[in-house]
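When we follow the numbering used here, the leftmost residue of the sequence shown carries the number 18, and every step to the right adds one.
Down below is the structure, laid out as structure tokens.
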Amino acid sequence: MPTSELTLLIEHSGADERHVIHEAAVAAGLMWKCRACPTAFLRVSEELCNECGRDREGRPLSDVRPGLYTAPDELWERLRTEVADHFRQEAFDPLPEAAAFPWESAQDAAPWSLTELTVHYGGRQHTHLTALEGTELEELLEEVALTVEPGYLEHLRLVLPR
Ligand SMILES: [Zn+2]
Numbered sequence: 018m019p020t021s022e023l024t025l026l027i028e029h030s031g032a033d034e035r036h037v038i039h040e041a042a043v044a045a046g047l048m049w050k051c052r053a054c055p056t057a058f059l060r061v062s063e064e065l066c067n068e069c070g071r072d073r074e075g076r077p078l079s080d081v082r083p084g085l086y087t088a089p090d091e092l093w094e095r096l097r098t099e100v101a102d103h104f105r106q107e108a109f110d111p112l113p114e115a116a117a118f119p120w121e122s123a124q125d126a127a128p129w130s131l132t133e134l135t136v137h138y139g140g141r142q143h144t145h146l147t148a149l150e151g152t153e154l155e156e157l158l159e160e161v162a163l164t165v166e167p168g169y170l171e172h173l174r175l176v177l178p179r
């Protein structure tokens with residue numbers, strides 16, 4: 018069943034029916050159910066619960082480290098520190114729980130967006146517009162990209178220190 022038909026079914030159902038439809042959609046592999054939130058049913062295209070931010074295995078927000086190869090932890094920690102500093106400089110209080118760099122079809126070394134990041138607060142996500150060209154962060158992202166060789170559409174996400 019295409020997603021739009023499932024959406025129509027859900028939109029045209031009462032609360033009791035909706036629960037049955039959700040459970041059937043989970044059984045059919047069209048949706049998944051958050052292990053932490055009793056009312057959260059997510060599309061298979063959604064990686065994270067939109068209420069608590071956990072993934073379908075129930076894990077809390079975690080790093081997404083793309084690529085064919087593994088970069089040293091030391092490089093990831095430098096990047097994490099730099100990203101956290103970026104948000105502190107932009108007066109984010111509290112810091113987001115995580116920040117993600119969407120894949121972008123850039124021609125140069127780092128294929129992730131330097132202008133539109135995704136910030137995570139629990140299950141809430143929103144876009145953070147910024148300009149990271151020419152910064153230390155851009156250099157670090159290029160270093161990571163050269164090391165890991167990310168694949169097409171692979172995004173990068175880092176959990177930030179609390
Ligand atoms: Zn949840």
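Ideal placement from N, C-alpha and C gives every residue a C-beta, glycine not left out.
Predicted model, so just to flag it, every value in this text is computed and none were measured.
### Query
What span of residues does the beta strand (DSSP E) with Thr147 cover, start to end?
Thr147 -> no beta strand (DSSP E), and no H or E assigned at all.
### Gly75 versus Ala44: straight-line alpha-carbon distance, rounded
18 Å
#### Entry: Start and end residues, beta strand (DSSP E) containing Glu133
133–138
### Query
So is the beta-carbon of Arg150 under 7 Å away from any non-hydrogen atom of ligand 1?
It is worth fixing the name first, because residue 150 is Glu in this sequence and not Arg. No; taking the cut-off as 7 Å, the Cβ of Glu150 has no heavy atom of ligand 1 nearer than that.
### With 16 other Cβ atoms within 10 Å as the buried cut-off, status of Gly70
buried
### Distance between beta carbons of Leu157 and Leu131, contact taken as under 8 Å
Leu131 to Leu157, Cβ: 11 Å. No contact.
### Query
DSSP on Asp72, reduced to helix/strand/coil?
strand
### Task
Could you tell me the boundaries of the beta strand (DSSP E) in which Val176 lies?
173–176
### Message
Taking 7 Å as the limit between beta carbons, can you name the residues of its chain near Glu121, skipping five residues before and five after?
### Response
Pro128, Trp129, Ser130
### Query
Are there three or more Cβ pairs, one per stretch, closer than 8 Å when the stretch 77–87 is compared with the stretch 163–174?
yes
### Task
Along the alpha helix (DSSP H) that carries Leu154, what are the first and last residues, could you check?
153–165
#### Entry: CB contact flag (Glu133, Pro119, <8 Å)
yes
### Query
Can we count Ala127 as close to ligand 1, meaning its CB is less than 7 Å from some heavy atom?
no
### Query
Under a three-way DSSP split, which group does Gly104 fall into?
The question names Gly, but residue 104 in the sequence shown is Phe. Three-state DSSP puts Phe104 in a helix.
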